[in-house]
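Below you'll find the structure, written out as structure tokens, and then a few comments.
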Amino acid sequence: MPKKNTKSNNNNKENKYVVIVESPSKAKTIERYLGKEYKVIASKGHVRDLPKKEFGVDIEHDFEPIFQVIPGKEKVIKEIKKETKGKRVLLASDMDREGEAIAWHLSQLLDLDPKEKNRIIFSEITKNAIKNSISNPQSLDLKKVDAQIARRILDRLVGYKISPLVWKVLKDYKTSAGRVQSAALKLIVDKERKIFTFKPKKYYNIYLEYKGQNIPLTKEDGKQIKPERITKTKKDQIFEYLKDKDFKLVNVEEKETTRKPPLPFITSTLQQTAVSTFNWSSSKVMKIAQDLYEGMETREGSIAFITYMRTDSTRVSNEAQQAAISYLEKNYGKDYVGHYLSKNKKTNVQDAHEAIRPTDIYMDVNNAKRLISSDHLKLYALIWNRFMASQSSPSRYLEKTYTIEDNTNKYAFEITSKKCIFDGFEKFWNSNNKEVDFEIGKNDKITYDQLKFEEKETNPPNRYTEATLIKELESKGIGRPSTYATIISTLLQRKYVSKIAKSTLRPTTTGFVVTDFLEAYFPEIVDVKFTANMEEDLDKIEDGKNKSKVVLEQFYKEFEKFLTTASNNIKNKQEILHYESDVPCEKCEKNMKLNFGRYGLYLSCEKCKETQKIPAESFGVTIKDKLFIKEYLQETLKIDKEENKIDEKCPVCGGDLILKHGKFGEFIACSNYPDCKYTRNVKARGKCLNCGGDIVKLKSKKGKTYFKCDSCGTMYWNEPSEYSCPNCSETLFYKTSKGKEKLYCEKDKTYFEIEEIKQLTKST
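Here it is in structure tokens:
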């Protein structure tokens, strides 16, 4: 036998233990810290689940789940069984519910004793953590598994029972209803309704403009006066009273204040901060954090940079605290050392977890730059700085509050000067509090000429961003740290919500309609408190304070009543949802009605039978059976024919050609329809790279836009442009990057500003 094969056999005999983790990158990192007796393999996520094409829950027999191997995972399981044959198996999936469930499913497939101590958990992938976990294996936490299975069954009950009803009502098989996503959608929809019905009120800011500062009016006759309560009449009265008055500095209150360091990151605060700082999606934040936790290939091997990133605990291990103290004393001095105490406000915090922190404090940002780059470095720097700030001392400020009054002491103006006298934790973390340092002297002369006003309007509530929605979900107890990113991405994928400027989330017309349907027939599913209570019930199952069968039975008892009512109404062809829109028919000017068709939502006139397509991304508001969508259609779709002309004449009748929207997307039609029925596809701005022919814009069955040459049939996913790359001379394509249309070179993988390329083309 060749020497090479002999070596392979010997290695196989040396492996006495097989450690099963979730991902190959984690396997590679952990294998660095274990000897030859250990082989580390990956399950590549979940291996079993409820069947995809069947209900998979036996309601009649205590909601017994029917698990199947996930399609495509057969090869993975076969390899795992081969590697574990005759070996001691250690299950090392993540330490949350999902990870515990993966470990349990593996134990079932491998016929392992669930009471056997073969479960190892760790919150960081470092040598000490891995060695300690292997030295102290545990039994599977079956209560945690029970909670995960209960959650999975609840989601299946809602998804499989309600979604078909939504399909029937909307006639759209791409729609769905999820247990947690529906409550999150209602939050976004309710906020949009408040914005729509908001009526602004004018008010006036009154202030003294002095030494570059606007010193606001704060008191009248010793009582607080808020700008929002100052009407035009009140403003005029104040100015009339003060027109012959002098102003004087009557008091200076000086004190030293402190700003407390922030807590280290938990999942929600990491997502909120990274989304706001980098304008990333929450799912991107979690993907990068997962890489940093599991381990990344560097020139020094595979290294894990942070602790477990799905946690709601701010606890920090003693070892990590001591390392931080040592780093601070060595590099900044004892004055910078803080006295950290974790503050878990919620009762359901899983304190076995730690906060998100660096695995090695001495892997500071400068050292990390040698090993990682780009987005991974950005997120790591954020985590490292936040953790070091949490372990540092408070910052200190000298504050001086100046009070200025008129010479009758009726009106008072106040402003506070802030000067940092010790930066403390702000050495690592900007607290975002503006520091304004200035002096006002007792002999300074302030006159009526310095009295100014600014007319303002009250603002409607801000729409949710990904960051603020995560904060709201957390505060209301909807979902858990591991689910926030999934909730948002599902809403976006279903086109219930669209992203507008700066990652702001706005509900689409479809999102409103789905919410209205659920509010009418399944009020508990969209009820925020009910959803939060369900999360608490799952926590109680995990803590052993309740049983999954009891929770499921209580839920289904009420759920079945709602289900029966909705099903009967649909079966009896009752009109489930009725909306009159604010869009007038072009022919008779009667308001059109919202309809549901196989290609999505559309408007129709009951009298003239005229129709108007509503794209899935359209924005609207539904209030008391009224659909408000006119503004969107006019501004975005340009339904006004004059605005939508394309400066071309119809080749059949000579009428104006206009851009229209149909079930297959945009198309060109004659404005004289129905007398003239000429139509054609929208042409791309560039020509075919293969033959130079015209390219038309089309839409696939799944709704994805693509481009095709009319002459030779060559297809493109991106629209060819009329410009060439300045570097390689290849044709550039139109492509959206960060919400803005740009020109893209597919060869060099480089983006260019459109105006930049236009200028280059003109100059040549």
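According to the UniProt record's numbering, the sequence shown holds residues 1 to 764 in order.
Heads up, the beta-carbon is just placed ideally off N, CA and C, and yes, glycines get one too.
As the structure is a prediction and not an experimental result, all values here were calculated from the model.
Here's a check: name, in chain order, each residue in its chain whose Cβ is nearer than 7 Å to the Cβ of E753, leaving out the five neighbours to either side.
K742
With burial defined as no fewer than 16 other Cβ atoms inside 10 Å of the residue's Cβ, what is the status of I66: buried or exposed?
exposed
Compare the beta carbon distance of I188 and P461 with 7 Å and say whether it is the shorter of the two.
no
Please report the residue range of the alpha helix (DSSP H) in which N367 lies.
V365 to A368
My output table needs one value for A355: the three-state DSSP class, helix, strand or coil.
coil
Taking C-alpha atoms, which residue in Y402, D406, S700 and P394 lies nearest to C420?
P394
Buried or exposed: where does L760 fall if 16 or more other Cβ atoms within 10 Å of its Cβ makes it buried?
exposed
Can you tell me the Cα-Cα spacing of E719 and A616, whole angstroms?
21 Å
In whole angstroms, what separates the C-alpha of I639 from that of F667?
Caution applies to I639, whose pLDDT of 49 falls short of 50 and renders its modelled position unreliable; the value that the coordinates give is listed next. Approximately 13 Å, taken between the alpha carbons.
Best match in S313, L249 and G338 for proximity to A323 [C-alpha to C-alpha]:
G338
Quick test of the definition: if touching needs 3 or more C-beta pairs under 8 Å, does the stretch 210-220 touch the stretch 423-432?
no
So does the stretch 239-256 actually touch the stretch 391-411, counting three or more Cβ pairs closer than 8 Å?
yes
In angstroms, rounded to a whole number, what distance separates the CA positions of I325 and L371?
24 Å
Does the count of Cβ pairs from the stretch 138-145 and the stretch 109-126 closer than 8 Å reach three?
yes
Quick one: give me the first and last residue of the alpha helix (DSSP H) that L577 is part of.
L577 -> no alpha helix (DSSP H), and no H or E assigned at all.
For the candidate residues Q181, C745 and K143, whose alpha-carbon lies nearest to that of G159?
Q181
Who are the near neighbours of K495 in its chain, counting only those whose CB is closer than 7 Å to its CB and skipping five residues on each side?
T508, T510, A616 and E617
So who's on the other strand from A42, going by DSSP bridges?
V21
Please state if the CB of G295 and the CB of A304 are separated by a distance shorter than 7 Å.
yes
Pick out whichever of T298, T269, R299 and G35 has its Cα sitting closest to the Cα of V285.
T269
Check A388 in the structure and name its three-state DSSP category.
Reading off the sequence shown, one finds Met at residue 388, where the question assumed Ala. DSSP places M388 in helix when its eight states are reduced to three.
Determine the contact status of residue 770 and C653, defining contact as a CB-CB distance below 7 Å.
Shown here, the chain extends from 1 to 764; a query on residue 770 therefore has no answer.
Can you tell which of K630, T504 and D527 has the C-alpha that lies nearest to the C-alpha of T515?
D527
When you compare each of S107, V76, C585 and A274 to N385 by their alpha carbons, which one comes out closest?
A274
Whether or not the stretch 578-590 and the stretch 88-105 are in contact is what I'm after, with contact meaning three or more pairs of Cβ atoms, one per stretch, closer than 8 Å; do they touch?
no
Relative to the alpha-carbon of E455, which residue among I206, G713, I695 and E756 has its alpha-carbon at the smallest distance?
I206
Completely contained beta strand (DSSP E) runs for the stretch 410-485, where each covers 3 or more residues:
411-422 and 451-457
Residue from S25, F413 and V252 whose Cα sits closest to the Cα of K226:
F413
Using DSSP with H/G/I as helix, E/B as strand and the rest coil, what is R494?
coil
I need the DSSP call for C745, collapsed to helix, strand or coil.
strand
Provide the residue span of the alpha helix (DSSP H) that contains V89, from first to last.
Looking at the DSSP string, V89 is not in any alpha helix (DSSP H); the run it does join, the beta strand (DSSP E), is R88 to L91.
DSSP three-state call for K762: helix, strand or coil?
helix
Does the stretch 37-51 come close enough to the stretch 68-78 that 3 or more CB-CB pairs lie under 8 Å?
yes
Let me check understanding here. Comparing Cα to Cα, which of S93, L157 and R151 lies closest to I134?
S93
In three-state DSSP terms, what is V308?
Reading the sequence as shown, one finds Tyr at residue 308 and not Val. Residue state, collapsed to three classes: coil.
Around the Cβ of Y744, are there at least 16 other Cβ atoms within 10 angstroms (buried) or fewer (exposed)?
buried
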